[in-house]
């Protein structure tokens, strides 16, 4: 089984992806980490995020099982990733990697922004996770404040809206709801309630 989870920044798709994978005994890939890893490779080398040649080279050498999640988290890296993600050659270089991951024998859960529309259009289950921009900003601000990051709710909200605009209007693989995806709005749900709702969707489709 392949479960595709898409949604905007801070919608909770990554957490849901991890929990669903654990629940069903499947592999999990947060595809956003791939773009973060490409961005980090460029930044570490002192290269601009617009350097397509080096970005593609970094994308082609990624190992999805060896991503340093701790080093790739954070608002700054997320913003850098959203810049790299608009580069068509980078997205093309990562397609096979993601599809190979999805083909794992035990099944896979992939979360991102174009899983159900581009990467795995024939996924068994597609869930589009969303929440209001204000609620997503509140969650992200709480997370960052808990890590001691000096920021404001207003700045986080502005960043969320900027990333939404970039993700939804980019020329290649824009963020959108697949025609056969189930919409899961988590604005009024905590993670446990969202997880139960996601399980209900997967189980209903799987019957």
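Numbering (the UniProt record's numbering), first residue to last: 1 to 207.
Where is the CB? At the ideal position from N, CA and C, for every residue including glycine.
This structure is a prediction, so every number in the text was calculated from the model and none was measured.
{"Query": "Check whether residue 182 and residue 127 have beta carbons under 9 Å apart", "Result": "yes"}
{"Query": "Unbroken beta strand (DSSP E) run spanning residue 4, endpoints", "Result": "2-6"}
{"Query": "Local conformation of residue 131 per DSSP, three classes", "Result": "coil"}
{"Query": "4-residue-minimum alpha helix (DSSP H) runs that sit fully inside the region 77-102, ordered along the chain", "Result": "88-102"}
{"Query": "Three CB pairs or more closer than 8 Å across the region 46-64 and the region 4-20", "Result": "no"}
{"Query": "Short Cβ contact (9 Å threshold) for residue 220 with residue 10", "Result": "Residue 220 lies beyond the residue range present for the chain, which begins at 1 and ends at 207; the question has no answer from this structure."}
{"Query": "Closest Cα partner of residue 54 within the set 93, 178, 138, 24", "Result": "93"}
{"Query": "Three-state secondary structure (DSSP) of residue 109", "Result": "strand"}
{"Query": "Residue 24 versus residue 191 - alpha carbon distance", "Result": "17 Å"}
{"Query": "Residue 134 versus residue 8: straight-line alpha-carbon distance, rounded", "Result": "12 Å"}
{"Query": "Cross-strand partners of residue 149 (DSSP beta bridge)", "Result": "Answer is none; residue 149 lacks a bridge partner."}
{"Query": "Identified DSSP bridge partners for residue 42", "Result": "Note: residue 42 sits in no beta bridge, so no partner."}
{"Query": "Reference residue 175; option with closest CA among 144, 146, 119, 51", "Result": "119"}
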